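Peer 1: Per the working numbering, the sequence shown starts with residue -6, numbered consecutively. Can you read through this structure? Questions will come right after.
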Amino acid sequence: MIGRRSLLFVAAAALCAGLCAAFVPGAPLPSSAISVTSTIRRETIVMGNHRSSQAARRRTSFLKHVKAPLHTRRTIMSSPLSKELRAEHGGVRSIPVRTGDEVVVTAGDHRKKVGKVIGVDRKKYYIHVEGITREKSGAKEAGKTSTTIPVPIRASSVKITKLYLDASREAILKRKAAGRAELAARKNSLKIAEPGQDPAWTEYQTTLTSILDGSA
């Protein structure tokens, strides 16, 4: 009986000691361990994938596209020119599309269809081409006489085959052609010296040869 009581007492004392140890704060870590831990945490933060430029974010560029003013939307809604028009206007590759241009669709369900631009919607970034329409849903059931509506097409999905020229359009084409000619002349003026004609290259070759021969 006495042995059982002593065993119960020892077990209860051990249990109380364990509970007390759980609530007592541990000993503080040495300064070296703290510095190592902080260094590891700091390196982890620095090595994370952080974007330094706000303009590089996808949502930022999307909001700029959606909230762009009309003069910026006009530039965005540019269409490439055909090979014949490029050769005729000094290599100009693209120009903002406008009503009256004749285009050919290059992508989408209406590919290879040709028509004249009858409308440009800068708000929704769409253009309407003559002859490219679709049936209006529910129009026949409602008894409406007009059952077709124009299909919206992106300006980047068409190629201009004939330009509607006026004074402003001709001025734009001349300015673009002059800029391309100036850039081409600037590139042609940059001449790279041949390896045999460069004195620094000749000196380098002489020094390398003397080092390899052992005469240096």
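In this text, a Cβ means the ideal position worked out from N, Cα and C, and glycines have one as well. None of the values given here were measured: they were computed from a predicted structure.
Might you give, ordered along the chain, the residues of its own chain that have their beta carbon closer than 6 angstroms to the beta carbon of Tyr119, omitting 5 neighbours on each side?
Peer 2: The residues are Pro145.
Peer 1: With burial defined as no fewer than 16 other Cβ atoms inside 10 Å of the residue's Cβ, what is the status of Leu265: buried or exposed?
Peer 2: Because the chain is modelled from -6 through 209, residue 265 falls outside the range shown and cannot be assessed.
Peer 1: Checking 8 angstroms against the spacing of the C-beta atoms, do Val122 and Val96 come in under that value?
Peer 2: Yes; because the gap between Cβ atoms is below 8 angstroms, this pair is in contact.
Peer 1: Please classify Leu156: is it buried, with 16 or more other beta-carbons within 10 angstroms of its beta-carbon, or exposed?
Peer 2: Leu156 comes out buried.
Peer 1: Could you pull out every residue in the same chain whose Cβ sits closer than 8 angstroms to the Cβ of Thr92, ignoring the five residues on either side in sequence?
Peer 2: Here the set comprises Val110, Ile111, Gly112, Val113 and Tyr157.
Peer 1: Check each candidate in Val107, Gly131 and His103 and name the one with the smallest Cα separation from Thr140.
Peer 2: Out of Val107, Gly131 and His103, Gly131 has the C-alpha closest to the C-alpha of Thr140.
Peer 1: Tell me the DSSP secondary structure of Gly207 in three-state form.
Peer 2: Three-state DSSP puts Gly207 in coil, outside helix and strand.
Peer 1: By how many angstroms is the C-alpha of Ile88 removed from the C-alpha of Glu77?
Peer 2: Going from the Cα of Glu77 to the Cα of Ile88 covers about 14 angstroms.
Peer 1: I need the boundaries of the alpha helix (DSSP H) containing Ile69, first residue and last residue.
Peer 2: Residues Leu63 to Ile69.
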